[in-house]
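Trainee:
Protein chains: 2
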Amino acid sequence: MPQPVADNRNSPDTRERILDAAEWLFAEHGFDGTSMRQITSQASVNLAAVNYHFGSKEALFHEVFHRRLNQLNLLRLQELDKLEQEVGDAPLKPSQVLEGFFGPALEMAADTTHGGHTFMRLLGRTYTEPAEFVRKFMAEEYAEVMERYTVALYRSLPDVPRAEIVWRLHFMMGAVSYAISGIDALALVTGRFDDDPALLKPRLTSFLLGGLRAPLPEQVMQDTKPAR
Amino acid sequence: MPQPVADNRNSPDTRERILDAAEWLFAEHGFDGTSMRQITSQASVNLAAVNYHFGSKEALFHEVFHRRLNQLNLLRLQELDKLEQEVGDAPLKPSQVLEGFFGPALEMAADTTHGGHTFMRLLGRTYTEPAEFVRKFMAEEYAEVMERYTVALYRSLPDVPRAEIVWRLHFMMGAVSYAISGIDALALVTGRFDDDPALLKPRLTSFLLGGLRAPLPEQVMQDTKPAR
DNA sequence: TTAGCATTCAAACGAACGTTTGATTGCAAT
DNA sequence: ATTGCAATCAAACGTTCGTTTGAATGCTAA
């Protein structure tokens, strides 16, 4: 046993090159719109390399996701741990919960040089086109983070019905997704558009907070007052 | 000239059957994920019928869009006309602008029996995956509506910088898109989830209004005070 | 009855798809 | 030197793709 080669992470770049190329192409053209020949060509590797290293196109897609989503989940959980440690048993403020949840996503989306932005575009896109095999691992990999953050949100807004909070979290994720896909889609609908990307985060957070803390609609108020 | 057959809209159902089948399949699996054979099979027409009636797969996609988007645009413009007529030269209230813009979309999304819901899912999905050939006609068909509604929003919020308004409109469209794709994506991220669909609209509008009227972020306030 | 024409149909086209194969390469350990 | 093995490679596999073709069909107008 000269060297525990064991869990071999050999072939220094080709796996990474494939993942990077695939990430960008999937974000740009979607899963079905991207071919193995495009991926391997852009990564400058042999056509068979993907099947050799990952097994299949779907497995590659999963790995593209797992690589960054795992990182994003860790960041979100760390943020929440830190925040909850600071306040002890007291509930967090809604703004703190939002910062912990969307902060890491926006930071990742702001990283345009290491693929973070590319991945967040892919994530937003995939969310609206959940292919069969994607639903499965998406739900699994998101589960813990969503569970902990929804609970934190419940506690931060004790007077708001839980169903309402879940919906608003959903609305907020939509707003953030569009914010990240951002300028492309914006230019698609309005005319040309250029703006300081650094302003996106303050803009978005004040919008989200406004929506999250908006007065409850009357119909919901009525439903929440009586029984249950 | 016995009958002005002229602009023939013959073949009573096959065009419509193709459009309906294509609309559903495109919404479910995307453009690249849907094959001509799936479409024609689900529509119970011959494989060559699509190319005969529409010319190509892309042209079919365009027609699927045009059919409903045209209707949606008309509704939105009618709403705005009516509202502006009511108030004369005075600016509209933000809530009125939102009602005019998102009301027709939500109504269409609530129609689950005539394909309206299906189309709105497709629209939200396409927004985040703008294929080359889609960008073109999307921008064209959206142009007039977006122009008029952004102006109406400017006037309804005279103290808010225009760039801010454009962004917030963008955020709102994201929230609405997610709201419509709705329960599918929600169940993907949280656990199971069931709720009264009739409550969606009041929930969404109070959220949107809260976001739209939220206080401006400090950075933007600073930028807007000095020159320019 | 017949001519014209829009529509439908079965069949085939070449191209591109994801995947597999079997040989070749180049380094590490014997 | 030689064996072992992970990695790369060119080539081919069988499918499925969007589109085209040319013949059949059925209705309408002359």
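Quick mapping for you: the protein sequence lines, in order, are chains A and B. Sequential numbering from 734 applies to the first sequence in our numbering. Sequential numbering from 734 applies to the second sequence in our numbering. For each residue, glycine too, the CB sits at the ideal point set by N, CA and C.
(1) So with Cβ pairs under 7 Å, would you call PRO940(B) a contact of chain A?
(2) Go ahead and pull the three-state DSSP assignment for LYS826(A).
(3) Please decide whether TYR887(A) counts as near chain B, where near means a Cβ-Cβ distance under 7 Å.
(4) Could you name the residues of the same chain whose beta carbon sits closer than 8 Å to that of ARG925(A), not counting the 5 residues immediately before and after it, in chain order?
(5) Tell me which residues share the same chain as ARG888(B) and place their Cβ nearer than 6 Å to its Cβ, disregarding the 5 neighbours each side in the sequence.
(6) Would you please state the rounded distance, in angstroms, between the beta carbons of ALA776(A) and ALA754(A)? I believe it to be under 8 Å.
(7) Which same chain residues, not among the five before or five after ASP822(A), have their C-beta less than 8 Å away from its C-beta?
(8) Kindly indicate which three-state DSSP category ALA947(B) falls into: helix, strand or coil?
(9) Less than 8 Å between C-beta atoms, sequence neighbours within five positions excluded: which residues of the same chain meet that for THR747(B)?
(10) Could you name the residues of the same chain whose beta carbon sits closer than 6 Å to that of GLY857(A), not counting the 5 residues immediately before and after it, in chain order?
(11) Since ALA947(A) meets chain B, which of its residues come closer than 7 Å, beta carbon to beta carbon?
(12) Is there at least one Cβ from chain A nearer than 7 Å to GLN952(B)'s Cβ?
(13) Are the segment 761-772 of chain A and the segment 760-773 of chain B touching by the rule of at least three beta carbon pairs closer than 8 Å?
(14) Cα-Cα, which of HIS850(A), PHE870(A) and ARG946(A) is closest to PHE794(A)?
(15) Is ASP929(A) helix, strand or coil when you go by DSSP?
(16) Strictly below 7 Å CB to CB, what residues from chain A border LEU856(B)?
(17) Could you check if LYS934(A) is buried or exposed, using at least 16 other CB atoms within 10 Å of its CB as the buried criterion?
(18) Taking a contact to mean a Cβ-Cβ separation below 7 Å, would you say PRO713(A) touches LEU808(A) in this structure?
(19) What does the alpha-carbon distance come out to for the pair GLU812(A) and MET906(B)?
Mentor: In short:
(1) Here the sequence assigns Phe to residue 940(B), which means Pro is not the residue at that position. So, interface residue.
(2) In the structure shown, LYS826(A) sits in coil (DSSP, three-state: anything other than H, G, I, E or B).
(3) Not closer than 7 Å to any Cβ of chain B, the Cβ of TYR887(A) fails to qualify, so no.
(4) In this prediction, ARG925(A) has a pLDDT of 49, which is less than 50 and means its spatial position is unreliable; what the coordinates show is noted afterwards. The answer is none, since no qualifying residue turns up.
(5) These residues qualify, in order along the chain: PRO824.
(6) Rounded, the Cβ-Cβ distance is 4 Å, consistent with contact.
(7) Excluding positions up to five away in sequence, the list is empty.
(8) Three-state result, ALA947(B): coil.
(9) Its chain contains ALA776, VAL778, ALA782 and HIS786 as the residues whose beta carbon lies nearer than 8 Å to that of THR747(B), once the 5 sequence neighbours on both sides are disregarded; these appear in chain order.
(10) Its chain contains SER910, ILE913 and SER914 as the residues whose beta carbon lies nearer than 6 Å to that of GLY857(A), once the 5 sequence neighbours on both sides are disregarded; these appear in chain order.
(11) What ALA947(A) touches in chain B: SER939, PHE940, LEU942 and GLY943.
(12) Closer than 7 Å: yes.
(13) Three or more Cβ pairs drawn from the segment 761-772 of chain A and the segment 760-773 of chain B lie within less than 8 Å of each other, which places the two stretches in contact.
(14) The alpha carbon of PHE794(A) has as its nearest neighbour, out of HIS850(A), PHE870(A) and ARG946(A), the alpha carbon of PHE870(A).
(15) Coil.
(16) What LEU856(B) touches in chain A: nothing, since even the nearest Cβ is about 10 Å away.
(17) Flag for LYS934(A) reads buried.
(18) Chain A is shown from 734 up to 961; residue 713(A) falls before or after that span and cannot be answered.
(19) Each residue's CA atom was taken as its position, placing GLU812(A) and MET906(B) some 28 Å apart.
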